[in-house]
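Take a look at the structure set out below.
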Amino acid sequence: MTDYEKNIWEILETVCDPEIPVLSVVDLGVVRKVDLEKDKELTVTITPTYSGCPAQIVMEANIRKALSHLKEKVDVKTVLSPAWTTDWLTENGKKKLKDFGIAPPEDDFSEIKLFRKHAAVHCPKCDSTDTTEISAFGSTACKALYKCNSCNEPFEYFKCHR
Amino acid sequence: MASNKTLLTYTLRQADDSMILGQRLSEWCGHGPILEEDIAITNIALDHVGQANNFYDYAAELSGDGKTADDFAYLRLEHEYTNLILVEQPNGHYGDTIARQFLFDAFQKLYFEQLIHSKDEQLAAIAEKSLKETKYHVRHSSEWVIRMGDGTEVSHEKIQTSINNLWKYTEELFYMDEVDEELIKEGIAVDLEKLREPWLAYVTEVLTQATLTVPTISWKFAKGRKGIHSENMGFLLTEMQYMQRAYPNMKW
Chain A
-14 MTDYEKNIWE ILETVCDPEI PVLSVVDLGV VRKVDLEKDK ELTVTITPTY
36 SGCPAQIVME ANIRKALSHL KEKVDVKTVL SPAWTTDWLT ENGKKKLKDF
86 GIAPPEDDFS EIKLFRKHAA VHCPKCDSTD TTEISAFGST ACKALYKCNS
136 CNEPFEYFKC HR
Chain B
72 MASNKTLLTY TLRQADDSMI LGQRLSEWCG HGPILEEDIA ITNIALDHVG
122 QANNFYDYAA ELSGDGKTAD DFAYLRLEHE YTNLILVEQP NGHYGDTIAR
172 QFLFDAFQKL YFEQLIHSKD EQLAAIAEKS LKETKYHVRH SSEWVIRMGD
222 GTEVSHEKIQ TSINNLWKYT EELFYMDEVD EELIKEGIAV DLEKLREPWL
272 AYVTEVLTQA TLTVPTISWK FAKGRKGIHS ENMGFLLTEM QYMQRAYPNM
322 KW
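First to last, the protein sequences are chains A and B.
Going by our numbering, the first sequence opens with residue -14, and the numbers climb by one from there.
Going by our numbering, the second sequence opens with residue 72, and the numbers climb by one from there.
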């Protein structure tokens, strides 16, 4: 990686998810590729987390803005495949989520099993695994609502998406 | 090779299913029976609208005449929408909404699982993206069908009536015409006839667990794909298109 490319990724680290401001677009795994081949053009390829994620448009605009001083033309391209997965969250991203009070993904939702028993999600406050899912859907598409039975803290869980 | 027009027709059918169902579900915003369900059903609405947006974007690209996703979503007339009659049915009580969602989710999951293998790269990509979300949907609606069916006498009777009332619209899930036939030959479209059996098997499994009866009588009401809708559609569009009709070309 050239210094110039490194610089671009460093700038991208400063572009945040407007709905979870502790995460950058890099932590979130939505930046798939930075393309420098053409002389005057810089292309950043991103992928949406969920189909209807309203933060996507904002992230796209902010990436363009953050890089605008580098090149005359910054192109942000959206691809749908391969589809985003929480496996692309960086380790640093998961740590930031936990510090922010959102439990990072650790369970797997990909199998449809009705009334399944959830794998224990760790409470982001006290680390207890004695937690209960209140709703599989939360304030944003990517989160579920949980509560901790040990410290009574209600919290959000960044659900595993595969 | 299939013409762009055929592919456009096919893409719009999928877009319209997601859009109209998303619009219906969004009517629950702020009116859910409990807070968690208000959040759940509007999250699901958002997924459907997002999926519709991806299909409409592709439709805009295929049409090649400068139309945008918004033009397709908001500026067509009723007979130009080609969604299934099932998805435009009114929300009714929460059991009606869950029954409609369950019958459709069970189908859409099977549909996306096949569309992933489409030779059309963009349709395959949208399917791959959407399938992950549809899995949450089918789990949510199936669990509620079971809770209501296997709940109290009142909830059992209500959800059974909801399923019975909507059953007549399920035949259309497997409707195919020359558009499908042409695209199936090219490995682009899904052969819906092959989904019939697994759909019925899954629906039967859940309804049985819910102590409900699988309705047997079905008559065909399958004109949605040709743009002929139930009376409900006009009312839905009136609300959905209001802003674009009142303030033409407005943008967020």
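Even glycine gets a Cβ: it sits at the ideal position worked out from N, Cα and C.
Everything numeric in this text was worked out from a predicted model, so none of it was measured.
Would you mind listing the alpha helix (DSSP H) stretches within the stretch 44 to 92 of chain A that are 4+ residues and don't spill past its ends, in chain order?
76 to 85
Whole alpha helix (DSSP H) runs in the stretch 247 to 315 of chain B with 4 or more residues, listed along the chain?
249 to 256, 264 to 280, 303 to 311
From B:L79, B:K138, B:H211, B:D118, pick the residue whose C-alpha is nearest to that of B:E108; which is it?
B:H211
Would you verify that the beta carbon of A:L74 is, or is not, closer than 7 angstroms to some beta carbon of chain B?
With 7 angstroms as the cut-off, A:L74 does not count as an interface residue toward chain B.
Applying a beta-carbon distance threshold of less than 7 angstroms, which residues of chain B neighbour A:C133?
Going along chain B, no residue has its Cβ under 7 angstroms from A:C133, so there is no contact; the nearest lies around 17 angstroms.
Give me the residue from A:E22, A:T71, A:Y35 with the minimum Cα distance to A:K58.
The option with the nearest alpha carbon to A:K58 is A:E22.
CA-CA distance, B:I156 and B:P319?
28 angstroms
Is there a Cβ from chain A that is less than 7 angstroms from the Cβ of B:G121?
yes
Does the beta-carbon distance from A:A88 to A:P109 come in below 7 angstroms?
yes
Could you check whether B:M311 and B:Q94 sit closer than 7 angstroms to each other, using their CB atoms as the reference points?
yes
If contacts are defined as beta-carbon pairs under 8 angstroms, then A:V10 and A:T34 qualify, I think. What distance do you get, rounded to the angstrom?
Between A:T34 and A:V10 the Cβ distance is about 10 angstroms, and since that is not below 8 angstroms, they are no contact.
Put A:A129 into one of helix, strand or coil per three-state DSSP.
Note: A:A129 maps to strand in three-state DSSP.
Please report how far the alpha carbon of B:T153 lies from the alpha carbon of B:L92, in whole angstroms.
Using only the alpha carbons, I get a separation of about 12 angstroms.
Start and end of the beta strand (DSSP E) containing A:F140?
139 to 143
Going by alpha carbons, who is nearest to A:L99 out of B:Y273, B:R296, B:Y246?
B:Y273
Rounded to whole angstroms, what's the CA-CA distance from B:D118 to A:C38? Just pull it up for me.
8 angstroms
Since A:A68 meets chain B, which of its residues come closer than 7 angstroms, beta carbon to beta carbon?
E199, K200, K203
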